[in-house]
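Quick notes on the structure that follows.
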Amino acid sequence: MRLFALGVGLLLLGGTLAVADDLDDAVDGLKKAEASKDVAKVKQQAAAVHAAAQKLQAPGSDDKERADYAKEQDTYAEYALFALAAQMRAQGATAMDLLTTLEKQNPKSKYLDEPEALEIETENALARKQSDRALSYANRLIASANRKPPEGESASDWEARKNAALGQGHWTAGVIEAEKEQLANADRNLRAALPLIKGNSGMMGPALFYLGVVNYKIAKATLNKAKMLEAVKFSQDAANIPGPQQSQAYTNAMNIKKEADQMR
2 MRLFALGVGL
12 LLLGGTLAVA
22 DDLDDAVDGL
32 KKAEASKDVA
42 KVKQQAAAVH
52 AAAQKLQAPG
62 SDDKERADYA
72 KEQDTYAEYA
82 LFALAAQMRA
92 QGATAMDLLT
102 TLEKQNPKSK
112 YLDEPEALEI
122 ETENALARKQ
132 SDRALSYANR
142 LIASANRKPP
152 EGESASDWEA
162 RKNAALGQGH
172 WTAGVIEAEK
182 EQLANADRNL
192 RAALPLIKGN
202 SGMMGPALFY
212 LGVVNYKIAK
222 ATLNKAKMLE
232 AVKFSQDAAN
242 IPGPQQSQAY
252 TNAMNIKKEA
262 DQMR
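2 is the number of the first residue of the sequence shown in the numbering used here; add one for each residue after it.
Next up, the structure:
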């Protein structure tokens, strides 16, 4: 009986060692796929790492050191998917595919709340004209960027990531809120975005245009001439930036100025 029990124990140990070897092989494969930025291979190897790691973390495992190692590699697989998505941000569909893969692998992954992941989600929702979804992600993006700097990251690196995220978040929220007639929120978010999107005419033009519209509407409702004059200035600045709203911004500036001149 003891010999049988010992034999079963050796079989179990052999199985555990085999799974550990599978995990190491999958991790090596993932590192190679990362280096080549092979999207399909990264997804495949991340899934292999996750599967092997999960087996080593199964309930009842009495090898804590091996389970901790497996958890580390599982987290590394999640990071690999996130990092490649961030690098592929300009290729929106590819970046979203990687994030979707990550979410399926672990819906609670900490990397899904990183600014770069939320920027991709925000831009994807905007491209699909899903305004409510985009606004939700924009607000999550602002919250993510306003958290404490990640441990181990330099202050300058975090500041750059933070400002990029806040610019995207405030701009997206402000534009959508302006279109939804949420005037106070739109005014606040668009003003916050301005210093963060300097040099980006594709964002600056719409931001100034909507600030002109929003401040005009607030001024009309409150009979506030100072706000009306701000609306003129925002509209004039928008009219100086080439883009789809340039012509309308010029017309708005002229008309709002006429109204401002008639106010006391």
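We put the CB at the ideal spot given by N, CA and C, even for glycine.
Legend entry - Whole-angstrom distance between ASN190 and GLU178, CA atom to CA atom: One alpha carbon belongs to GLU178, the other to ASN190, and they sit about 9 Å apart.
Legend entry - CA-to-CA distance, ALA78 to MET2, given in whole angstroms: Legend: pLDDT at MET2 = 37, less than 50; position of this residue unreliable, value from coordinates given subsequently. Cα to Cα, MET2 sits roughly 42 Å from ALA78.
Legend entry - Euclidean distance between Cα positions of LYS72 and ALA54: 6 Å
Legend entry - Unbroken alpha helix (DSSP H) run spanning PRO116, endpoints: 116-128
Legend entry - Closest residue to THR303 among VAL233, MET255, LEU127, VAL50 (Cα-Cα distance): The requested residue 303 is not part of the displayed model; the chain covers only 2 to 265.
Legend entry - Candidates ASP39, ALA185, LYS56: closest to MET89 by CA position: ASP39
Legend entry - Short Cβ contact (8 Å threshold) for GLN183 with THR123: Not a contact, by the Cβ cut-off of 8 Å.
Inset, instruction - Using three-state DSSP, classify GLY213 as helix, strand or coil. - result: helix
Legend entry - C-alpha distance - LEU197 paired with ALA261, whole-angstrom precision: Their Cα atoms are separated by approximately 29 Å.
Legend entry - Anticipated Cβ contact below 8 Å, LEU167 with ALA146, distance rounded: 5 Å
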